[in-house]
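The sequence shown lines up with residues 163 to 569 when you count with my numbering.
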Amino acid sequence: MKEQVPMGAERSPVARVEALVVSVPAEGNAFAEGSEETLLVRVTDEAGNYGIGESVCTPEVIKAMIDQETIHFWSQGITDIVVGTDPLEARATYDRVYHGSFYHGRRGTLIQALSAVDIALHDLAGKQLGVPVYKLLGGARTERIRPYATLYPGDIYDGPIEPILTETRRQAEIAVDQGLRAVKVPVLFGAENDPGGVPDKTIVGFIEKCRELLDEITPDLVLAADFGYRWWDWQAAAWTLKRLEDYDVYFAEAPLRHDDLDGHARLAAVSPVRVGGAEFAAGRWEVREWLERGGVSLIQPGISRAGGFTELMRIAEMCEMYGAQLMPHSFATGITDVANFHLQAASLTVPMVEFRSSRLGPSRLRTELVSPPEPEIVDGYARLPTGAGLGIELNEDLVAAHTRLGY
Ligand code: MG
């Protein structure tokens with residue numbers, strides 16, 4: 163009993179769910195990112211229309227999760243639950259999958275898999291109705307979408323700082339040329355050999371020089387810093403963050419170990435720089451722990467692994483109650499990028515979304531998997547997507563040529 167209401171001529175229930183491991187050769191500075199592989203989900207209705215989503219996780223693990231057959235009431239297969247449903251009821255479907263997968267899910271991988279399915283259901287529902295996804299989410303609170311560029315100078319972090327600064331400047335100039343007006347710099351140098359805890363002004367000097375070089379490129383560039391889980395003790399992080407006060411650092415991402423929520427709370431209480439985290443969190447329950455116990459005012463769960471539109475909208479609304487910002491992680495293909503645009507449009511608490519430019523991280527998955535491949539950005543802002551659903555088209559030839567594992 164999945165469908166009781168007549169759906170109209172243009173609409174029909176889900177007939178098929180496919181989990182596709184799409185893999186292309188690596189290019190450039192591949193690093194912990196979805197530039198080589200992604201788990202693509204395609205949800206097709208009875209009329210042959212389809213929606214797409216992706217999961218930014220280990221693709222083969224996610225595929226196994228989606229393809230799993232139903233064993234019993236608490237261990238149902240995602241596909242078994244989703245086939246036959248109305249795509250417009252994606253939120254109810256999300257909850258059915260969550261509750262039907264307690265044996266193998268609840269958090270982590272199940273929600274990462276469900277993220278792709280939920281995005282695809284929203285894309286399909288939008289296409290069936292001929293409306294953009296942000297309208298399905300309640301409508302646009304803003305028409306000014308603000309992506310920020312994550313820079314990544316490459317695997318040169320064990321060497322001296324000067325080459326890192328040179329490459330940071332080069333990439334920042336590319337980002338500005340692309341229209342972006344906000345950048346995030348990784349602060350990863352020497353971390354592997356740093357025992358941590360001992361006061362070290364190297365990081366402070368690096369950020370000072372980053373601010374200087376950005377100001378030379380164009381005034382008022384937004385600067386954020388990603389510390390890549392650098393410190394295990396919050397006081398060492400606090401010593402550094404307090405010395406960054408003069409450099410207009412918007413936020414400090416991942417200063418502490420991901421699961422050290424008490425440390426985050428202590429750090430956030432004394433840091434003059436906004437402390438962010440939760441980029442690997444999955445689901446609203448985990449994110450609530452970050453807001454309650456972790457005490458941060460910026461959370462960064464990604465739409466392609468923290469629960470798709472359904473859960474990210476719940477998280478965005480929860481942020482309003484905590485006075486916190488949601489700035490979703492994105493290091494993937496154009497599917498995640500445009501999904502974030504719809505999310506920002508429909509939310510009050512999303513000031514920027516992460517954006518990994520293909521000009522900074524070349525990848526066929528970024529430039530060819532969907533069209534248009536990248537948004538036009540002018541003076542820091544992109545426009546609302548206007549097409550039905552996500553507003554992008556899948557490159558079926560690329561998928562057919564680069565899909566592994568049984569399809
Ligand atoms: Mg990150």
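Heads up, the beta-carbon is just placed ideally off N, CA and C, and yes, glycines get one too.
This structure is a prediction, so every number in the text was calculated from the model and none was measured.
Taking DSSP as the reference, what is the three-state secondary structure of residue i?
i           : result
residue 285 : helix
residue 447 : helix
residue 163 : A caution first: residue 163 carries a pLDDT of 46, below 50, which makes its placement in the model unreliable, though a value can still be read off. Coil, per DSSP.
residue 339 : helix
residue 201 : strand
residue 484 : helix
residue 470 : helix
residue 500 : helix
residue 539 : strand
residue 181 : strand
residue 206 : strand
residue 233 : coil
residue 569 : Legend: pLDDT at residue 569 = 47, less than 50; position of this residue unreliable, value from coordinates given subsequently. In this structure, residue 569 counts as coil in the three-state DSSP scheme.
residue 458 : coil
residue 277 : helix
residue 479 : helix
residue 508 : helix
Measuring alpha carbon to alpha carbon, tell me which residue in the options is nearest residue i.
i           : options               : result
residue 312 : 560, 519 and 222      : 519
residue 270 : 249, 392, 381 and 442 : 442
residue 411 : 378, 388, 316 and 517 : 388
residue 233 : 263, 221 and 249      : 263
residue 220 : 546, 467, 472 and 297 : 467
residue 350 : 344, 315 and 332      : 315
residue 414 : 477, 367 and 462      : 462
residue 564 : 169, 172, 173 and 183 : 183
residue 523 : 552, 432, 337 and 242 : 337
residue 394 : 429, 345, 377 and 187 : 429
residue 291 : 561, 550 and 562      : 550
residue 317 : 354, 172 and 385      : 354
residue 275 : 444, 455 and 199      : 444
residue 203 : 281, 242, 267 and 197 : 281
residue 512 : 527, 385, 371 and 489 : 489
residue 254 : 236, 279, 458 and 230 : 279
residue 235 : 284, 379 and 265      : 265
On the DSSP letters alone, give me the boundaries of the beta strand (DSSP E) that residue i sits inside.
i           : result
residue 225 : Not the beta strand (DSSP E): residue 225 falls in the alpha helix (DSSP H), residues 221-229.
residue 215 : 212-217
residue 517 : 515-517
I need the boundaries of the alpha helix (DSSP H) containing residue i, first residue and last residue.
i           : result
residue 528 : 526-529
residue 560 : 558-563
residue 293 : Looking at the DSSP string, residue 293 is not in any alpha helix (DSSP H), and its letter there is neither H nor E.
For residue i, verify whether its CB is less than 8 Å away from any heavy atom of ligand 3.
i           : result
residue 415 : Absence of ligand 3 from the depicted structure is noted, with ligand 1 being the only ligands included.
**OP:** Go through the region 240-264 residue by residue and report every complete run of the beta strand (DSSP E) that reaches 3 residues or more, in order.
**Re:** none
**OP:** Could you pull out every unbroken alpha helix (DSSP H) segment of at least 4 residues lying fully inside the region 301-377, listed in chain order?
**Re:** 323-339
**OP:** Determine, using beta-carbon pairs with one atom in the region 204-224 and one in the region 166-186, whether at least three such pairs fall under 8 Å.
**Re:** yes
Original post:
Counting only runs that start and end within the region 371-443, where is the beta strand (DSSP E) found for 3 or more residues in a row?
Top reply: Within the region 371-443, the complete beta strand (DSSP E) runs of at least 3 residues are 384-388, 411-415 and 436-439.
Original post:
On the three-pair Cβ rule with 8 Å, is the region 320-332 touching the region 244-257?
Top reply: no
Subject >> Stretch pair the region 491-508 + the region 534-548: three plus CB contacts closer than 8 Å >> reply: yes
Original post:
Counting Cβ pairs closer than 8 Å, one from the region 329-343 and one from the region 291-302, do we hit at least three?
Top reply: no
Original post:
Hey, is the region 366-384 in contact with the region 420-436, meaning 3+ C-beta pairs nearer than 8 Å?
Top reply: no
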